[in-house]
Amino acid sequence: MVFAASLVFYAAWSWKFSIHLMLVLALNYWFLLRIFDRKSKGLLVAIVVLNTANLFFFKYLYFLFEIIAAAAGAGSITPGFNTWLQNSVGVDSIILPLAISFYTFQLIGLQVDAYRGQIAERPIPLHYLMFSMYFPHFVAGPIMRHSDFFHQLEHIQPDQRKLFEGLFLIGSGLLKKVVVADNVDNVLRPVFADPGLYDGQTNFLAAVAYAMRVYCDFSGYTDIARGSSKLLGLEIPENFKGPFLSLNVSELWNRWHVTLMMWLRDYVYVPLGGSRRSEPRNIFNLNFTMLVSGV
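This is the structure in structure tokens:
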């Protein structure tokens, strides 16, 4: 039932991209079973490259075009490419699929965990599809791992505690998103549109308020996602742990968008060697991980 709701949720945005998503999931499931049985590094590299290429094509192709044009000192090649698309396939531009970053991260994490032997049993298709498409968190996270979700699917049991916690989280999420973030955005828009019209103190306060707006918008959404999951009897990870109460920048990164930071640590930073190498390599590992985060 939850999988059907997730599929309808995605198809309501675009039935064409729902077909694209199902093809991506089918391909990943085939690789997942092969990697689970054989622990083949070649298969792992292949599916990571394919998932990354899928993400890059839809999200960064135009960005690449602009870099090439700037490096060549030429005009933008995007209009010509869009004209070619229109004449060749009948669409006027490449549209970014809903949630492509989040499902790409989850699928790569799942493949790596299978290769590392961290998944005890072969995932059955329904559990795999529910994990990959679970609609409450699908658009903006949190990023889940198999250990967060699969074990719950055998005994989904809504109860009174989860009901009240879910309603509280949904209420607090709506308060952050609708009451705070959206209204602060209306106040900040004229300042960011022309900061030269305002004094330094106003611009500083606007910068601080913008950070709070981003926090309330993003954490508000994830509160709603967690609350909706609790109403269904499921738990998904907490994504923000009071980041602005941190004592230093390092602690802030460990409490901001926690599931992404942990994903980057376990699937990018640690495989590069983490902090166990020479100082220059440690600096490279850290900066490369933050570069991936920025991209």
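Remember, the working numbering sits 4 above the position in the sequence shown when you count from 1.
Where a beta carbon is used, it is the ideal one built from N, C-alpha and C, also for glycine.
Practice task
Please classify F117: is it buried, with 16 or more other beta-carbons within 10 angstroms of its beta-carbon, or exposed?
Solution key: Here residue 117 is taken as the residue at index 113 of the sequence shown, counted from 1. Note on identity: in this sequence residue 117 is Asp, with Phe being the wrong assignment. Burial call: buried.
Handout entry: Contact set for F21: own chain, Cβ-Cβ below 6 angstroms, skip 5 residues either direction
Key = By one-based count along the sequence shown, residue 21 stands at place 17. P101, listed in sequence order.
Handout entry: Between the CA atoms of R217 and P194 - distance to the nearest angstrom
Key = Along the sequence shown, read from residue 1 onward, the residue named residue 194 stands at position 190. Along the sequence shown, read from residue 1 onward, the residue named residue 217 stands at position 213. Counting only the Cα atoms, R217 lies some 15 angstroms from P194.
Exercise for the section: Count the other C-beta atoms from every protein chain shown that fall within 10 angstroms of the C-beta of K245, then say buried if there are 16 or more, exposed otherwise. Expected result: Residue mapping note: residue 245 aligns to position 241 of the sequence shown, counting from 1. Of the other Cβ atoms in all chains shown, fewer than 16 fall within 10 Å of the Cβ of K245; this residue is therefore exposed.
Problem - Whole runs of the beta strand (DSSP E) within the stretch 176 to 231, excluding any shorter than 3 residues - result: Runs of the beta strand (DSSP E) inside the stretch 176 to 231: none found.
Problem - Range of the contiguous alpha helix (DSSP H) that encloses M5 - result: The residue given as residue 5 occupies position 1 in the sequence shown. Where M5 is concerned, there is no enclosing alpha helix (DSSP H), because DSSP gives it neither an H nor an E.
Exercise for the section: Check whether the Cβ atoms of L290 and L235 sit closer than 8 angstroms, and answer yes or no. Expected result: Mapped onto the sequence shown, residue 290 falls at position 286. Mapped onto the sequence shown, residue 235 falls at position 231. The Cβ atoms of L290 and L235 lie no closer than 8 angstroms to each other.
Problem - When V183, Q90, M137 and G298 are compared against M5, the one with the closest alpha-carbon - result: Residue mapping note: residue 5 aligns to position 1 of the sequence shown, counting from 1. Nearest neighbour of M5 by Cα position, chosen from V183, Q90, M137 and G298, turns out to be M137.
Practice task
Excluding the 5 residues preceding and the 5 following P199 in the sequence, name in chain order all residues of the same chain whose CB lies nearer than 6 angstroms to its CB.
Solution key: The sequence position of residue 199 within the sequence shown is 195, counting from 1. Leaving aside the five residues that flank P199 on each side, the residues in its chain whose CB is nearer than 6 angstroms to its CB run, in chain order, N207.
Practice task
Find out if the Cβ-Cβ distance for the pair I104, F139 is shorter than 8 angstroms.
Solution key: Along the sequence shown, one-based indexing puts residue 104 at 100. Along the sequence shown, one-based indexing puts residue 139 at 135. Not in contact: I104 and F139 (Cβ atoms no closer than 8 angstroms).
Exercise for the section: Count the other CB atoms, across all protein chains shown, that sit within 10 Å of the CB of D41; report buried if there are 16 or more and exposed otherwise. Expected result: What you label residue 41 is simply residue 37 of the sequence shown in a count that begins at 1. Note on D41: under 16 other CB atoms within 10 angstroms of its CB, so exposed under the neighbour-count rule.
Practice task
From the DSSP output, in three-state form, read off E70 for me.
Solution key: To locate residue 70, count along the sequence shown from 1; it is residue 66. Three-state result, E70: helix.
Handout entry: Helix, strand or coil at K43 [DSSP, three-state]
Key = In the sequence shown, residue 43 corresponds to position 39, counting from 1. Three-state DSSP puts K43 in coil, outside helix and strand.
Practice task
Identify the continuous alpha helix (DSSP H) that holds H131 and give its terminal residues.
Solution key: Your numbering for residue 131 matches position 127 in the sequence shown. P129 to M137 is the extent of the alpha helix (DSSP H) around H131.
Exercise for the section: Let me know the secondary structure DSSP gives W257 once reduced to three states. Expected result: For the purposes of this step, residue 257 is taken as the residue at position 253 of the sequence shown. Residue state, collapsed to three classes: helix.
Exercise for the section: Tell me whether the beta-carbon of D152 lies closer than 8 angstroms to the beta-carbon of K181. Expected result: Here residue 152 refers to the residue found at position 148 when the sequence shown is read from its first residue. Here residue 181 refers to the residue found at position 177 when the sequence shown is read from its first residue. When the beta-carbon positions are compared, D152 and K181 stay at least 8 angstroms from each other.
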